[in-house]
Amino acid sequence: MCGIIGYIGQKQTTPILIDGLKKLEYRGYDSAGICVLDKGSLKVIKKKGKIAELDSELKEHNLSGTIGIAHTRWATHGEPNEKNAHPHLDCSGQIAIVHNGIIENHHGLRQLLVKEGHSIVSDTDSEIVAHLIEKFYNGDLAKATVQALQLIDGAYGLAVMCQAEKKIIVARRGSPLIIGIGDKEMFVASDVPAILAHTKKIIYLSDDELAIITEDNYTIKNLEGKKIDKEIHEIKWSVAELEKKGFKHFMLKEIFEQPEAIANTLRGRINDKEIKLSINFDITKIKRIVITACGTSWHSALIGKYLLEDLALMPTEVDYASEFRYRNPILGPDDLMIVISQSGETADTLAALREAKGKGAKTLGIVNVVGSTITREVDSGIYLHVGPEIGVASTKAFSSQVVALLLLAFYIRQEKGLAIDKKIIKELNNLPEKIKEALSQAEAVKVIAEKFKSSKNFLYLGRGINFPVALEGALKLKEISYIHAEGYPAAEIKHGPIALIDANMPVVFLATKNNLSPKIISNMAEVKARSGIIIAVVNEPDKEIKKLADYIIEVSITSPELSPVVNVIPLQLLAYYIADMKGLDVDKPRNLAKSVTVE
Ligand code: M6R
39 MCGIIGYIGQ KQTTPILIDG LKKLEYRGYD SAGICVLDKG SLKVIKKKGK IAELDSELKE
99 HNLSGTIGIA HTRWATHGEP NEKNAHPHLD CSGQIAIVHN GIIENHHGLR QLLVKEGHSI
159 VSDTDSEIVA HLIEKFYNGD LAKATVQALQ LIDGAYGLAV MCQAEKKIIV ARRGSPLIIG
219 IGDKEMFVAS DVPAILAHTK KIIYLSDDEL AIITEDNYTI KNLEGKKIDK EIHEIKWSVA
279 ELEKKGFKHF MLKEIFEQPE AIANTLRGRI NDKEIKLSIN FDITKIKRIV ITACGTSWHS
339 ALIGKYLLED LALMPTEVDY ASEFRYRNPI LGPDDLMIVI SQSGETADTL AALREAKGKG
399 AKTLGIVNVV GSTITREVDS GIYLHVGPEI GVASTKAFSS QVVALLLLAF YIRQEKGLAI
459 DKKIIKELNN LPEKIKEALS QAEAVKVIAE KFKSSKNFLY LGRGINFPVA LEGALKLKEI
519 SYIHAEGYPA AEIKHGPIAL IDANMPVVFL ATKNNLSPKI ISNMAEVKAR SGIIIAVVNE
579 PDKEIKKLAD YIIEVSITSP ELSPVVNVIP LQLLAYYIAD MKGLDVDKPR NLAKSVTVE
């Protein structure tokens, strides 16, 4: 989704801004632009398409200056073109803004501004903000920004600069913004990677806060003008973690990082005797769990339902965050709302969390990005500790979310005084090894990818705890390869999707051993009887499966509760290799954003 970077200091700002924008590319965007205070006036250069195009356009202009703001835009209001790209200027060309989020009352404000004589040139909601600030500007940019924000409904992460004052103003409501503190230089950004090469000292702005930033100082206030002291966080990620380390794509690197990632999620939380989580309320008092999330995180939530019911004997419901927030969910102090999010910034998940808090439920976040908004608003949390996930298609976050849910389920079981099967705990500790073994199937998966890279459709089928894995496999394939794919509970195909099956339909079965194995084999037979092509993920291939399956991917044996973490590996690889063989932009698939900060 849209990205922001800003710089104020003593160095040339253009290379810093362009480098920062490149670091934000993974968030997804369709145009980009930059504004620099160059010899006393604001110069704006914008381009549709990739940052490389903006970069080569900039070579024609030779911008020079030490203050600037820049933006990658992911279109919401108005098509992706140069006119709609940010930064936007006011009528005088003396105030520039970049904005993430959505101004909900932009129609009314546009009418008002046009009536007052403003000429608004783009189709965006964002440009309105530049004109509102112009309307109020009287020599004090911060004051005019506050006045403008008072008229705005909706979400914003905003950076503003002007010709007359050597400062950048930033403000936040609902869309992340950070301040980076350097040595006689300051940075602003929507996301840590944009500025990590320059500083690890970060301040996270909260909603309804505004900061006035000069090259060697910052002041943070709320919208009523009261000064606020904020904690300075030290970022633990290294710049090296943001590199591809010899892999062709971030996604591939992140798939292969999973053994280490899972070891990090487990570290310090499990030993022979106990599961240790820091949960600051009495979890045994909880009567019901509701989990909300979006996309891949919603798939891990579905697996969590199986685990929490089975291992923790806890009634559990799962909801799409976007649906939950607009129902009238019945929740109270005996309920626990778990929100799962890699980024910790997904707008719908955050809104669902706030809805649950408002109703008095306890809240717990399963989040990767340290310091993200969700982590700051939940009562308790389990960090994934898998390092930055840059590929838009989530991989290592998914497997570690499932591991975090396993830990939670065992933890609740332990706190309830129920016996824990030592064998599963041992296997949990062995998961990184099992994932390594699954990754060793990469060559076999590549052969299958080559065979089916031109398929138009795919079906993914699983049962029980592996049904959500089928959903995840299908989502991975469609989002990066643009092949239509559906995940289904295997028994459900008889109620409709079986009509699609013919000799051109690859059907991926999650068929590792569990109590439903005979049923899955029957479902395979139903597909085979209609000439479907069967690709089976197995760990103990029996005679029947060998007869029915056209292709077999063998993963290592683990207990059924842990099997989703292992079984998803070949599905991630299959999606990756197909997309790569089709020559697609695997890490930045079309129309998608890494962090979805608008609803
Ligand atoms: O950061 P989150 O986990 O909250 O993101 C949720 C979804 O947007 C995300 O999982 C999305 O579905 C991914 N592109 C899936 O690969």
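Position 118 (the sequence shown) corresponds to 156 in this note's numbering; numbering is contiguous. Quick reminder that beta carbons are idealized off the backbone N, C-alpha and C, glycines included. Note that the structure is a prediction, hence the values are computed from the model and not measured.
| query | result |
| --- | --- |
| Classify A359 as helix, strand or coil using the three-state DSSP reduction. | helix |
| For the stretch 283–290 against the stretch 373–383, do three or more pairs of beta-carbon atoms, one drawn from each stretch, fall closer than 8 Å, so that the two count as touching? | no |
| My output table needs one value for A235: the three-state DSSP class, helix, strand or coil. | coil |
| Which of the three DSSP states, helix, strand or coil, is assigned to P527? | strand |
| Straight-line CA distance for I538 to A563? | Here the sequence assigns Leu to residue 538, which means Ile is not the residue at that position. Spanning the two alpha carbons is a distance of roughly 15 Å. |
| Does at least one heavy atom of ligand 1 sit under 6 Å from the Cβ of G333? | yes |
| Are three or more beta carbon pairs between the stretch 233–249 and the stretch 66–81 nearer than 8 Å? | no |
| Quick test of your reading: P627 and I518, contact by CB under 8 Å. State the CB separation rounded to the nearest angstrom. | 5 Å |
| Across the stretch 421–428 and the stretch 301–320, are there enough close Cβ pairs to call them in contact, namely three or more that are closer than 8 Å? | yes |
| Looking at the secondary structure, which residues open and close the alpha helix (DSSP H) in which S555 lies? | S555 to A567 |
| Since H337 is in the beta strand (DSSP E), which residue starts that stretch and which ends it? | Careful: H337 lies outside any beta strand (DSSP E), inside the alpha helix (DSSP H) at G333 to A350. |
| Ends of the alpha helix (DSSP H) at P506? | F505 to S519 |
| Using a Cβ-based criterion (distance less than 6 Å to any ligand heavy atom), does A617 qualify as near ligand 1? | no |
| Are there three or more Cβ pairs, one per stretch, closer than 8 Å when the stretch 124–131 is compared with the stretch 103–113? | yes |
| For L243, I'd like the list of residues in its chain whose CB is within less than 6 Å of its CB, leaving aside the five on either flank, ordered along the chain. | R210 and L215 |
| Please work out which residues of its chain come closer than 8 Å, Cβ to Cβ, to I583, disregarding the five sequence neighbours upstream and downstream, and give them in chain order. | A549, I559, M562, A574, V576 and I590 |
| Where C129 and L75 are concerned, what is the direct C-alpha to C-alpha distance, given to the nearest angstrom? | 17 Å |
| For the stretch 396–410 and the stretch 248–262, state whether three or more C-beta atom pairs, one from each stretch, are separated by less than 8 Å. | no |
| Who pairs with P627 in a beta bridge, going by DSSP? | DSSP output for P627 lists no bridge partner at all. |
| Per the DSSP calculation, K86 is bridged to which residue(s)? | S69 |
| Ligand 1 and Q380: does any heavy atom of the ligand fall closer than 6 Å to the residue's C-beta? | yes |
| Just the Cα atoms here: how many angstroms apart are Y256 and H271? | 15 Å |
| Going by beta-carbon coordinates alone, are I43 and L55 separated by less than 7 Å? | yes |
| Between the C-alpha atoms of I441 and D221, what's the straight-line distance to the nearest angstrom? | The question names Ile, but residue 441 is Val in the sequence shown. Between V441 and D221, the C-alpha separation is close to 40 Å. |
| Does ligand 1 have a heavy atom nearer than 6 Å to the CB of A431? | yes |
| CB-CB under 6 Å to I462, same chain, minus the five flanking residues each way: which ones, in chain order? | S597 |
| Measure the beta-carbon distance from Q452 to E312 and round it to whole angstroms, keeping in mind my assumption that it falls under 8 Å. | 6 Å |
| Return the chain-ordered list of same chain residues with a C-beta closer than 7 Å to the C-beta of L611, the five sequence neighbours on each side being excluded. | I293, A480 and V483 |
| For Y364, does the count of other Cβ atoms within 10 angstroms reach 16, so buried, or fall short, so exposed? | exposed |
| If G342 sits next to T354, beta carbons under 8 Å apart, how far is it from one beta carbon to the other, in whole angstroms? | 7 Å |
| DSSP three-state call for L548: helix, strand or coil? | strand |
| Could you please give the first and the last residue of the uninterrupted beta strand (DSSP E) stretch that includes D373? | D373 to S379 |
| Evaluate the contact criterion for the stretch 131–147 versus the stretch 186–204: three or more CB pairs, one atom per stretch, below 8 Å. | yes |
| So which of T635, I321, V593 and N176 has the shortest CA-CA distance to A359? | T635 |
| Out of W275, L391 and P53, which one is the CA nearest neighbour of S94? | P53 |
| Report the option in G212, I233, L497 and K205 whose CA atom is closest to the CA atom of I251. | K205 |
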